[in-house]
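Here is the structure we will look at, set down as structure tokens.
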Amino acid sequence: MRVTALLLCLLVPAAQACENSHLPLSGTVTVPTCSPQQDPEHCIYAGKALYQYMGAIPDNDDVLTIGLHASPWRVYDGDMRILTIEELATSSRASLNGKVERVELIGSWTGVSPAPGAPSLAQRLSAALGGVPVSGEDGFLWLSSDGSRRTTRQAFTLREGGGSYYLPKDEALLVSLAAGWFAQAQDVLPENDANLQMLAAAGKDIFLLCPDEALAGFEHAAGIGSAIAAYNAAVMRMERGHAGDRTAALALLEQAAAQGDEKSKALLSLETASR
8 MRVTALLLCL LVPAAQACEN SHLPLSGTVT VPTCSPQQDP EHCIYAGKAL
58 YQYMGAIPDN DDVLTIGLHA SPWRVYDGDM RILTIEELAT SSRASLNGKV
108 ERVELIGSWT GVSPAPGAPS LAQRLSAALG GVPVSGEDGF LWLSSDGSRR
158 TTRQAFTLRE GGGSYYLPKD EALLVSLAAG WFAQAQDVLP ENDANLQMLA
208 AAGKDIFLLC PDEALAGFEH AAGIGSAIAA YNAAVMRMER GHAGDRTAAL
258 ALLEQAAAQG DEKSKALLSL ETASR
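Heads up, the sequence shown is in our numbering, so the first residue is 8 and it goes up one at a time.
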């Protein structure tokens with residue numbers, strides 16, 4: 008059973024110092040890439056490959072597999088909106104029939120503690136589901152065309168060329184880079200394109216593993232019109248809980264709600280009612 012939310016040589020940091028010194032990162036990994044202009048028949052856009060490869064993961068009636076983009080701190084839906092663990096648990100319960108014995112959370116870093124003593128996303132989901140066993144991935148997730156998967160924990164990612172992530176047909180896909188290339192290319196993205204700037208911010212969390220930079224990026228994208236970015240920034244601030252974060256989060260939710268964003272309206276109503 009499967010649920011899919013989905014996703015010159017440059018030495019690109021896969022994780023910066025930020026607040027992540029505890030994460031088990033080391034070494035360099037090279038990502039095979041290609042040019043669609045040079046070989047359009049055998050060069051595939053990473054987003055397309057992601058859906059194809061996810062579809063090849065073996066299906067099993069007693070396992071609920073959930074594929075999504077993730078960082079050690081949070082998970083995202085196909086629109087790059089943050090999904091809380093409670094939301095993920097609610098959507099999963101409908102599929103937990105008598106046959107399902109466990110859940111596989113197929114997203115990068117979902118099985119790794121984001122901070123000393125903190126539970127992983129898989130552990131949090133298991134708790135939210137009343138103890139149903141949930142497994143996660145122990146690093147950056149790679150998917151193969153046959154649905155098999157592996158992980159790496161590189162500190163640096165080497166790939167040829169910049170911009171969009173394309174890979175040779177049937178080559179293994181670095182899932183986080185399918186979302187993260189927007190962050191790599193932010194310097195050349197249109198400054199006033201709210202959606203692209205929102206995607207770049209998500210990439211800083213998912214691929215660069217820099218949550219503070221992601222928050223700043225979401226707030227920038229919110230300022231130029233992205234309701235999803237405003238919602239994401241609000242969720243991140245409420246999760247962080249620093250002084251002033253709640254006030255700032257409510258203002259962001261009010262902004263997104265005024266744009267007609269239904270999830271922001273619902274969360275704003277919930278938060279104001281709990282005052």
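No residue lacks a Cβ here, since even glycine has one placed at the ideal position from N, Cα and C.
If you draw a 10 Å sphere on the C-beta of Tyr52, you find fewer than 16 other C-beta atoms in it, and that means exposed. Ser127 counts as buried, since no fewer than 16 other beta carbons sit within 10 angstroms of its beta carbon. When the five nearest sequence neighbours on each side are left out, the beta carbons in the same chain lying within less than 8 Å of the beta carbon of Thr35 are those of Leu18, Gln161, Ala162, Phe163, Thr164, Leu165, in order along the chain.
With the rule of 3 Cβ pairs closer than 8 Å, the region 127–139 does not count as touching the region 170–185. A straight line joining the alpha-carbon of Asp177 with that of Asp153 spans about 8 Å. CA-CA distance, Arg109 to Glu246, rounds to 27 Å. Spatial neighbours of Gly210 in its own chain (CB-CB distance under 6 Å, excluding positions within 5 residues in sequence) are listed in chain order as Ala186, Gly187, Phe189, Ala190.
By the Cβ test, the region 212–224 is not in contact with the region 250–269, since fewer than three Cβ pairs between them sit closer than 8 Å. Note on geometry: alpha-carbon atoms of Ala207 and Tyr238 lie some 15 Å from one another.
Annotation for Ile235: Asp86, Met87, Arg88, Met205 place their beta carbon closer than 7 Å to its own, counting only its chain and skipping 5 residues before and after.
In the structure shown, His227 adopts helical secondary structure according to DSSP, grouped into three states. Under the Cβ criterion (8 Å, minimum of three pairs), the region 66–78 counts as touching the region 96–110. Leu75 is the residue among Ser33, Ala265, Leu75 whose C-alpha sits nearest the C-alpha of Leu150. Bridge pairing for Ile113: Gly74 [DSSP].
By alpha-carbon distance to Thr40, the top candidate from Glu198, Leu259, Asn199, Leu180 is Leu180.
According to the DSSP secondary-structure assignment, Ile89 is paired through a beta bridge with Tyr83.
Here Leu148 carries a strand assignment [DSSP, helix/strand/coil].
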